[in-house]
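Take a look at the structure set out below.
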Amino acid sequence: MSGSRLPTAEFEAEDMVRSAQIAEAGLVPEPEMLQVLAPDGVLSANLSAEVAGSVVDFSPYLSSTDPAHLRSLYRDMFLLRRFDQESTALQRQGQLALWVPLTGQEGAQIGSGRALEQQDYAFPTYREHGVALTRGVELTEILRLFRGVTNGGWDPREKNFHLYTLVLAAQSLHAVGYAMGMQRDQLSDPALPPAATIAYFGDGASSEGDVHESMVFAASFDAPVVFFCQNNQWAISVPSTVQTRVPLARRAEGYGFPGVRVDGNDVLAVEAVTRWALEHARSGRGPVLIEAYTYRMSAHTTADDPTKYRLTQDEQEWRPRDPLLRLETHLRSQGLADETFFEGLTQEARTLAADLRAGVLAMTGPDLADRFAMVYAEPHPLVQEELQLFRDYEAGFADEGTRD
Amino acid sequence: MSGSRLPTAEFEAEDMVRSAQIAEAGLVPEPEMLQVLAPDGVLSANLSAEVAGSVVDFSPYLSSTDPAHLRSLYRDMFLLRRFDQESTALQRQGQLALWVPLTGQEGAQIGSGRALEQQDYAFPTYREHGVALTRGVELTEILRLFRGVTNGGWDPREKNFHLYTLVLAAQSLHAVGYAMGMQRDQLSDPALPPAATIAYFGDGASSEGDVHESMVFAASFDAPVVFFCQNNQWAISVPSTVQTRVPLARRAEGYGFPGVRVDGNDVLAVEAVTRWALEHARSGRGPVLIEAYTYRMSAHTTADDPTKYRLTQDEQEWRPRDPLLRLETHLRSQGLADETFFEGLTQEARTLAADLRAGVLAMTGPDLADRFAMVYAEPHPLVQEELQLFRDYEAGFADEGTRD
Amino acid sequence: MATMTIAKAINEGLRAALAQDPRTLLMGEDIGDLGGVYRVTDGLKKEFGALRVVDTPLAESGIIGTAIGLALRGYRPVCEIQFDGFVFPGLNQIPTQLAKLRTRSDGMLSAPVVIRIPYGGGIGSGEHHPESPEALFAHTAGLRIITPSNAQDAYWMIQQAITCEDPVIVFEPKRRYWLKGEVDTSAPAVDPFSAQVLRRGTDATVVAYGPLVPVALAAAAAAEEDGRSIEVIDLRSISPIDFDTVTESVARTGRLVVAHEAPTFGGIGGELAARISERAFLSLEAPVLRVGGFHMPYPVARVEEHYLPDIDRILEALDRAFAY
Amino acid sequence: MATMTIAKAINEGLRAALAQDPRTLLMGEDIGDLGGVYRVTDGLKKEFGALRVVDTPLAESGIIGTAIGLALRGYRPVCEIQFDGFVFPGLNQIPTQLAKLRTRSDGMLSAPVVIRIPYGGGIGSGEHHPESPEALFAHTAGLRIITPSNAQDAYWMIQQAITCEDPVIVFEPKRRYWLKGEVDTSAPAVDPFSAQVLRRGTDATVVAYGPLVPVALAAAAAAEEDGRSIEVIDLRSISPIDFDTVTESVARTGRLVVAHEAPTFGGIGGELAARISERAFLSLEAPVLRVGGFHMPYPVARVEEHYLPDIDRILEALDRAFAY
Ligand SMILES: Cc1ncc(C[n+]2csc(CCOP(=O)(O)OP(=O)(O)O)c2C)c(N)n1
Ligand SMILES: Cc1ncc(C[n+]2csc(CCOP(=O)(O)OP(=O)(O)O)c2C)c(N)n1
Ligand SMILES: [Mg+2]
Ligand SMILES: [Mg+2]
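Residue numbers (the working numbering), protein chains in the order written: chain A, 4 to 407; chain B, 4 to 407; chain C, 3 to 326; chain D, 3 to 326.
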């Protein structure tokens with residue numbers, strides 16, 4: 004799989020080798036990971052695993068027996084996918100500068116996002132639209148970034164959902180620092196509800212030094228932080244096997260805190276494991292690393308062309324493991340949701356898409372003059388001077404018209 | 004032990020707690036680690052351990068039955084310690100700007116250094132005077148750095164021993180890159196002797212992002228590199244427990260390559276384990292991490308004052324585990340070295356010290372004008388211009404005498 | 003002679019370098035099968051294999067740090083940093099290691115590493131993708147910094163960077179990647195560290211580099227309509243700077259405007275202003291004026307056209323220079 | 003009024019800040035029991051506990067990155083970077099995160115993080131310990147950069163940095179840590195972002211900051227013996243720069259010499275030269291001249307005295323300015 008691992012003997016045509024391997028093996032076997040809702044929609048009652056040397060039973064954190072909850076998880080994932088499709092369409096139509104699709108990762112994002120409590124605080128990278136949804140961020144607000152009218156989009160303090168961070172892994176340290184602040188708040192006011200942060204990053208970002216330093220700090224200070232790595236198999240064109248030979252969850256062992264690999268396409272397992280991890284963190288027992296094993300079913304961004312680096316076959320392998328499909332199968336087969344429910348959802352998604360479109364079209368760019376005020380909190384003579392020059396300059400054009 | 008770990012209940016006076024713990028426990032028990040030569044000088048025949056899931060027998064790599072070899076290891080450590088003492092004295096007398104002592108770490112450094120083959124290449128940090136010795140670097144050359152006449156001191160290409168690197172952990176990446184180069188050389192000329200690099204860093208430096216990235220790269224490319232971490236318990240004033248909760252050797256597991264913790268004060272075990280690791284790396288099986296568990300018996304540098312942060316008691320705990328002491332005991336008790344040997348060494352050390360002192364006093368500072376030529380390999384107009392200005396300026400003073 | 007885009011010219015330059023010297027290798031994120039996000043390395047992995055065109059793990063310090071190690075072993079690594087803003091996670095290795103290796107070793111070692119950085123704005127992108135951090139590197143001795151503005155230079159300068167014994171950072175003007183030009187692959191290359199007068203003029207000099215060179219040329223053309231003769235210099239090298247060429251020009255024209263996309267404050271324009279003011283003090287009819295970015299993080303795409311120095315901003319600065 | 007060293011003044015300033023606001027906390031390597039390698043935080047862990055004075059793991063990106071997180075949660079972290087050269091492993095978090103947070107959030111968030119960096123040479127140290135990287139930070143919008151040159155400023159400026167809503171980098175002139183001065187702990191502090199005229203003069207202006215301020219004052223005193231009246235300005239703030247004060251001075255004196263330890267090429271002196279040349283073009287009798295480090299890595303200790311700008315180098319520049 005690895006495009007860069009040094010061949011032991013001589014150079015080989017990797018694509019051929021890869022195709023051959025897949026052809027030989029049939030469906031790639033699923034790796035070892037926690038799962039309750041199998042791709043075929045069958046729900047197992049049990050969810051336990053050995054974590055850091057002792058067996059942990061995640062079942063108490065499972066919400067698999069509450070039909071309303073299951074339906075609401077499905078609803079989130081369904082709307083999210085529609086949001087993704089509509090945003091992709093808006094980009095294709097030139098209404099967005101870029102779009103970062105998440106299709107395939109709904110289970111990992113909704114599962115983990117729904118595990119958060121109000122007082123917890125999430126640090127996303129740039130693809131966590133699903134987590135945003137669970138934190139109450141208006142989906143339209145997310146598109147402001149991709150329309151190029153802001154680098155932010157929502158008030159993080161209000162949503163307890165931080166702004167997207169584009170420099171990979173940088174936010175993992177912010178999450179640890181924020182968690183250290185929560186610890187201190189808790190100590191000075193024990194009446195506060197225990198809280199934790201969750202730091203999202205990808206398989207690619209896991210190689211950055213900042214991820215390491217954040218784990219070192221988190222372990223050193225027992226910071227209440229959950230590291231949530233969505234291993235979607237790809238960092239743009241580079242397979243996760245270039246970043247690591249072993250499950251990323253195992254990194255945690257080296258720092259002395261628990262690491263768990265969960266089926267990222269199983270929203271229920273993700274939710275349960277994340278709940279457990281957050282409780283672990285909140286209760287003063289320190290950080291946890293979760294690796295959600297999933298797949299980026301679309302391109303990296305709308306600017307990307309996956310045919311350059313991966314086989315359509317790879318993509319097809321993953322289709323049957325779709326996080327929505329398996330929950331739908333389960334809901335239908337167990338009679339937990341009827342046709343009205345699914346039709347209602349389709350209707351709701353249609354409205355969402357229309358609202359989204361209207362919202363995007365209504366977005367207007369900011370005024371550059373206003374941006375001067377956002378560089379510093381306190382007065383700054385250079386910024387004031389440059390703003391004045393800019394105003395004078397613009398006014399000059401208003402008088403003269405442009406010259407060229 | 005940790006000065007910064009958040010106390011679970013309320014703030015505690017750590018020094019008191021630490022003293023109490025030590026008083027209660029008596030001699031701090033030795034942690035789990037590989038050892039053949041015990042502090043009391045008794046040699047065990049067996050050296051094996053579970054590494055990355057399977058039992059490895061290091062005995063074939065042990066050189067414990069060759070008295071001449073044992074004596075030569077002792078000689079290296081003995082001369083090294085004398086070198087350290089003399090350098091410290093030279094600093095105290097104002098002949099060196101600074102000295103970085105290594106007393107206590109002779110076993111880790113001589114053991115690992117002697118395990119290297121000629122074609123291997125070592126990347127030190129700034130305390131590996133012992134490794135330098137094993138690579139044939141003139142000890143006086145090392146002092147040029149500390150006298151402030153150079154930032155280098157020897158020709159790394161000749162000694163296969165890189166220059167000291169003061170930005171912690173930066174060299175670990177150079178070691179991986181160099182190893183990647185060795186891989187490529189080997190592929191284009193299979194007749195070359197297999198080679199590996201060894202990257203030295205400390206317990207403190209292990210927290211830097213560069214160490215992580217070097218392990219990620221090494222694992223990804225199966226680079227022939229051995230990471231050699233001297234855990235001497237302290238990063239200046241910060242105990243290693245602030246950097247990690249678990250043995251540093253365990254970090255390797257998270258990257259999918261073997262990690263071994265060895266008694267750094269047992270020169271024989273260190274040598275054997277390093278030999279094994281280098282062979283592992285050279286034979287194309289990828290990197291290894293060795294944690295040598297040792298103790299910095301002196302100050303961090305001559306500018307440091309350990310009484311500010313550690314108890315004399317801590318230091319005393321470690322005295323009986325001295326790497327020289329145990330080998331001396333072994334040599335004497337087994338009749339492998341007689342008084343003439345030890346007296347000869349003392350004499351040799353005296354000569355070394357005298358030569359060192361003479362060498363240091365003879366060192367003259369470079370001329371700033373010459374430094375201009377060392378910034379770029381190819382001509383550079385700004386450097387040439389500034390050199391000319393500098394020369395003119397200096398010449399002006401030669402004419403006039405200084406003004407002030 | 004062939005017509006090609008700047009991106010293609012760099013691709014061809016890299017291909018030539020890989021073919022010529024087996025020690026040359028490319029390293030970076032997504033440079034293999036994908037050919038880089040800008041396709042600058044397109045086809046090179048297929049042609050030279052995964053040992054010569056290396057998709058690295060995602061870690062910039064790792065890329066530059068291992069490149070230094072490879073260079074110490076005799077290789078000629080060419081690193082691609084995916085976007086200007088992503089050089090920062092790898093920044094430590096550049097000033098503290100790469101730039102200092104030669105001095106540290108008293109001239110014994112060199113680290114001929116090339117770092118390619120697509121830079122500059124005007125592409126409608128988000129944060130960290132439209133920046134111009136060249137001044138941060140220029141201040142560091144031991145590095146060389148060049149930036150081509152046309153296909154001919156792009157083809158040659160990348161090769162010259164690779165054969166140079168010193169570390170070289172090549173800033174590639176990403177919004178000009180698709181700018182076409184004639185490339186003479188047989189022409190002897192001019193010194194990559196020299197500036198070039200692209201247009202002769204008598205009344206004022208405009209110095210620009212990288213993405214702003216076409217803008218400066220357009221401004222000069224517009225000024226000509228107003229009866230002003232503007233000399234345009236493509237700086238090409240940011241470290242060292244070819245002050246001789248600029249001084250000679252300003253001695254004739256008496257006026258200098260320096261344009262770059264990077265923020266004016268602390269930018270390389272200050273260095274030019276200081277040094278040219280010193281060298282040509284008595285010839286200057288007006289202070290050296292600078293046209294650059296404002297002191298703010300590069301703004302969001304929707305307003306970048308107001309932020310980026312354009313023809314009008316250069317003309318306005320020329321007007322001010324003429325007003326003295 | 004009390005007499006104390008600069009190191010002690012910062013220590014007292016930190017103590018006052020810790021006492022005043024429970025959200026203030028110090029973070030860094032060896033700042034706890036050891037009190038920092040320069041003892042600037044001496045005694046503070048004992049007084050305020052390990053939650054307020056935090057010995058961190060050894061990782062600079064970790065220190066600055068977690069400080070940003072703490073600031074987001076409402077804390078006021080003050081980070082110590084052990085030496086100038088060791089800020090580089092943590093550099094990514096400064097321009098890409100700390101400096102941009104406010105703009106990124108359209109003004110909603112601020113990150114009032116303080117980063118203390120002992121800087122400059124003259125202490126007989128090895129590589130990475132005697133550097134002056136301030137220009138690299140000045141070019142980045144969103145940061146403020148100040149540097150005290152005396153105990154009074156040291157005491158107040160660190161406190162002003164901590165209460166400032168913007169991120170502030172405090173460059174501490176390490177070779178002046180033991181310089182004593184009077185500190186008025188009750189005096190209302192002057193604006194930390196303003197320059198101060200320390201000595202009035204009529205013939206030329208010398209601008210310096212941090213470690214070179216005493217050198218500039220000594221040069222002015224020496225020049226007086228030659229009958230020249232030199233005005234000396236302590237810049238104090240490197241970003242923003244108080245151009246008004248400098249312009250006003252140069253308008254009177256007609257000559258300006260800027261001195262800093264950092265290499266001249268690409269240094270902050272270029273910014274001063276450019277801007278003052280523009281603002282005071284018609285008053286300048288000579289070009290703005292710069293005295294700074296050479297374009298080389300800071301040299302080994304044995305020759306640093308030849309490298310560092312000293313009284314003679316400043317006087318020589320003044321001579322050149324007077325020669326026009
Ligand atoms: C520090 C840094 N380097 C490079 C990039 C360019 N880049 C953006 S996304 C990406 C791949 C990220 O992969 P991963 O972390 O797996 O996240 P995913 O995109 O799969 O969600 C790269 C290389 C970046 N944003 N930041
Ligand atoms: C990047 C960086 N940060 C800080 C320092 C300052 N410093 C020098 S040695 C040291 C402690 C190193 O501890 P460790 O890695 O355990 O090595 P040891 O000194 O124990 O051999 C520190 C903080 C440095 N040299 N480099
Ligand atoms: Mg990914
Ligand atoms: Mg140590």
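Built from N, CA and C at the ideal position, the CB exists for glycine as well.
As the structure is a computational prediction, the values presented were derived from the model and not from experiment.
Please classify residue i: does DSSP put it in a helix, a strand, or coil?
i, result
"residue 320 of chain B", "helix"
"residue 7 of chain D", "strand"
"residue 47 of chain C", "helix"
"residue 215 of chain A", "helix"
"residue 235 of chain C", "strand"
"residue 200 of chain A", "strand"
"residue 298 of chain D", "coil"
"residue 236 of chain A", "coil"
In chain D, what lies closer than 7 angstroms to residue i by C-beta?
i, result
"residue 246 of chain B", "59 and 60"
Sort the options by Cα distance to residue i and report the nearest one.
i, options, result
"residue 177 of chain A", "D:225, D:234 and D:72", "D:72"
"residue 288 of chain D", "D:11, D:171 and D:319", "D:319"
"residue 241 of chain D", "A:108, A:106, A:382 and A:107", "A:382"
Name the chain D residues whose beta carbon is nearer than 8 angstroms to that of residue i?
i, result
"residue 258 of chain A", "Going along chain D, no residue has its Cβ under 8 angstroms from residue 258 of chain A, so there is no contact; the nearest lies around 11 angstroms."
"residue 297 of chain C", "143"
"residue 211 of chain C", "Within 8 angstroms Cβ-Cβ: nothing; residue 211 of chain C doesn't reach chain D, min ~15 angstroms."
Give the range of the beta strand (DSSP E) segment to which residue i is assigned.
i, result
"residue 201 of chain D", "198-201"
"residue 61 of chain B", "Counting along the chain, residue 61 of chain B falls outside any beta strand (DSSP E), and DSSP gives it neither H nor E."
"residue 51 of chain B", "51-54"
"residue 182 of chain C", "182-185"
"residue 28 of chain C", "26-30"
Locate the alpha helix (DSSP H) running through residue i, then write down its first and last residues.
i, result
"residue 265 of chain C", "Run containing residue 265 of chain C: none in the alpha helix (DSSP H); it sits in the beta strand (DSSP E), 258-265."
"residue 174 of chain B", "173-191"
"residue 159 of chain D", "153-165"
"residue 55 of chain C", "Careful: residue 55 of chain C lies outside any alpha helix (DSSP H), inside the beta strand (DSSP E) at 55-57."
Using 7 angstroms as the cut-off, classify the Cβ of residue i as near or not near the heavy atoms of ligand 6, replying yes or no.
i, result
"residue 121 of chain A", "Ligands displayed in this structure: ligand 1, ligand 2, ligand 3 and ligand 4; ligand 6 is not among them."
List, in chain order, every chain B residue whose beta-carbon is nearer than 7 angstroms to that of residue i.
i, result
"residue 303 of chain D", "100 and 151"
Going along chain B in order, which residues have a C-beta closer than 9 angstroms to the C-beta of residue i?
i, result
"residue 249 of chain C", "Residues of chain B passing the Cβ test: none, with the nearest at roughly 12 angstroms."
If the cut is a Cβ gap below 7 angstroms, which residues of chain C does residue i touch?
i, result
"residue 171 of chain A", "60"
"residue 389 of chain A", "296 and 297"
Which chain D residues sit within Cβ distance under 9 angstroms of residue i?
i, result
"residue 30 of chain C", "By Cβ distance, chain D contributes nothing, its closest Cβ being about 17 angstroms from residue 30 of chain C, past 9 angstroms."
### Message
Going residue by residue through the segment 301-386 of chain A, where are the continuous alpha helix (DSSP H) segments of at least 4 residues, counting only ones entirely within it?
### Response
315-321, 326-336, 342-365 and 371-374
### Query
Where are the alpha helix (DSSP H) runs, 4 residues long or more, that stay fully inside the segment 263-303 of chain B, in chain order?
270-283
### Task
At 3 residues or longer, and completely inside the segment 71-142 of chain C: list those beta strand (DSSP E) runs for me, N to C.
78-82 and 116-121
#### Entry: Unbroken stretches of the beta strand (DSSP E), 3 residues or longer, contained in the segment 65-133 of chain A
124-126
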